[in-house]
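Residue numbers (this note's numbering): 72 to 445.
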């Protein structure tokens with residue numbers, strides 16, 4: 072969405088009473104810093120909900136808004152393949168002659184209407200609906216993609232303890248494995264999970280997602296496919312797939328709308344096979360300062376007093392997802408005004424800051440905490 076359209080979106084939300092001018096100005100500042108669309112920033116900060124954004128986008132584009140629940144015409148559903156509906160987040164609603172009405176979450180997404188027109192052979196009329204409601208309806212009417220992929224995959228892998236490098240590469244590059252891993256990552260992003268755990272479980276493998284600090288099983292993979300899934304993740308993260316008896320760390324990026332998410336990958340050897348943990352990080356979530364952390368006024372004043380000291384140690388402790396990195400990143404952002412020299416040692420670097428010398432631990436290259444502190 073270009074700047075002019077985003078200005079219109081913000082004005083519509085303010086005019087409708089859904090958003091205050093001060094909240095909009097703060098969101099625009101974060102949007103400029105993160106590069107994420109204004110609507111995505113507003114949703115992430117909880118300033119508006121999907122319905123409010125969808126209504127504003129519909130008004131902005133001169134399109135109709137359709138509220139769930141939906142009642143799609145079976146004839147319309149046949150005009151759009153499930154993969155396109157899932158991939159583009161669209162739901163065919165009705166078919167009248169050669170006119171196909173389709174609900175879309177983002178009518179500005181590149182080429183979405185052209186794809187629909189080409190595949191259906193119809194004139195496509197877009198209406199706007201909340202993206203999450205469309206996604207749920209697509210799963211209901213077309214069925215989920217993962218069960219279909221798992222059924223096609225079956226138990227095709229070779230025994231976990233065997234296989235040379237060529238076999239590992241072939242397994243990891245098989246189309247169903249590639250699509251399954253991509254689907255798992257997309258599902259984790261959709262559910263706002265912080266971590267994906269892929270681990271052996273009995274004779275097979277299970278995938279768990281950490282949402283709001285708690286792990287829950289998302290799906291189970293068939294016997295014989297665990298190693299292929301792990302190898303696929305390792306290839307994406309730039310790790311050595313032939314090394315399975317030593318922990319490894321790497322990472323890659325994935326796109327979500329107009330923003331990129333960083334995925335940090337750690338693998339460890341376990342009794343039943345390797346385990347991989349994928350940590351999902353949005354660089355746009357880096358706090359702009361301490362005030363954005365939601366601290367009480369007393370704690371905010373106290374922390375700022377501590378940061379003004381010329382020496383000392385500040386410890387941030389807590390379980391996964393509790394905000395340790397976010398708190399320390401807020402402190403770095405607070406201090407990074409160019410008046411002092413800031414050097415960080417991080418394992419790994421999760422958020423980047425302009426004007427800050429950030430070092431990432433790499434023991435293979437001899438960069439560890441003791442050497443960095445010298």
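Built from N, CA and C at the ideal position, the CB exists for glycine as well. These figures come from a predicted structure and were not determined experimentally.
So residue i and residue j are in contact, right, with Cβ under 8 Å, and what is the actual spacing, rounded?
{"i": "residue 416", "j": "residue 443", "result": "4 Å"}
{"i": "residue 264", "j": "residue 281", "result": "6 Å"}
{"i": "residue 205", "j": "residue 174", "result": "6 Å"}
{"i": "residue 114", "j": "residue 144", "result": "Residue 114 to residue 144, Cβ: 30 Å. No contact."}
{"i": "residue 332", "j": "residue 351", "result": "6 Å"}
{"i": "residue 315", "j": "residue 345", "result": "5 Å"}
{"i": "residue 268", "j": "residue 279", "result": "4 Å"}
{"i": "residue 266", "j": "residue 391", "result": "7 Å"}
{"i": "residue 304", "j": "residue 347", "result": "5 Å"}
I need the DSSP call for residue i, collapsed to helix, strand or coil.
{"i": "residue 367", "result": "coil"}
{"i": "residue 232", "result": "The predicted position of residue 232 is uncertain, since its pLDDT is 49 and thus under 50; a value taken from the coordinates is nonetheless stated next. Coil at residue 232, not helix or strand."}
{"i": "residue 441", "result": "helix"}
{"i": "residue 109", "result": "helix"}
{"i": "residue 120", "result": "coil"}
{"i": "residue 152", "result": "coil"}
{"i": "residue 136", "result": "strand"}
{"i": "residue 247", "result": "helix"}
{"i": "residue 432", "result": "coil"}
{"i": "residue 413", "result": "coil"}
{"i": "residue 226", "result": "Residue placement at residue 226 is flagged as unreliable, the pLDDT there being 49, under the threshold of 50; a coordinate-derived value is accordingly withheld."}
{"i": "residue 90", "result": "coil"}
{"i": "residue 166", "result": "strand"}
{"i": "residue 352", "result": "strand"}
{"i": "residue 420", "result": "coil"}
{"i": "residue 179", "result": "coil"}
{"i": "residue 427", "result": "coil"}
{"i": "residue 83", "result": "helix"}
{"i": "residue 344", "result": "strand"}
{"i": "residue 197", "result": "strand"}
Going by the CB atoms, is the gap between residue j and residue i shorter than 8 Å?
{"i": "residue 248", "j": "residue 289", "result": "no"}
{"i": "residue 156", "j": "residue 112", "result": "no"}
{"i": "residue 163", "j": "residue 148", "result": "yes"}
{"i": "residue 109", "j": "residue 83", "result": "no"}
{"i": "residue 302", "j": "residue 239", "result": "yes"}
{"i": "residue 371", "j": "residue 362", "result": "yes"}
{"i": "residue 273", "j": "residue 292", "result": "no"}
{"i": "residue 186", "j": "residue 159", "result": "yes"}
{"i": "residue 402", "j": "residue 306", "result": "no"}
{"i": "residue 396", "j": "residue 364", "result": "no"}
{"i": "residue 340", "j": "residue 317", "result": "yes"}
- Query: Can you give, in chain order, each stretch of the alpha helix (DSSP H) that sits fully within the segment 252-336 and has at least 4 residues?
  - Reply: 297-307
- Item | Three-pair Cβ contact test at 8 Å for the segment 192-205 versus the segment 133-141 | Taking a cut-off of 8 Å for Cβ pairs, the segment 192-205 and the segment 133-141 touch, as three or more such pairs fall below it.
- Quick one: complete beta strand (DSSP E) runs, 3+ long, within the segment 382-407? none
- Taking contact to mean at least 3 C-beta pairs separated by less than 8 Å, is the segment 353-362 in contact with the segment 280-299? No, they do not touch.
- Item | the segment 116-135 touching the segment 84-99, judged by at least three CB pairs closer than 8 Å | Touching, yes.
- Query: Using 8 Å as the Cβ pair cut-off and three pairs as the minimum, do the segment 383-399 and the segment 430-439 touch?
  - Reply: no
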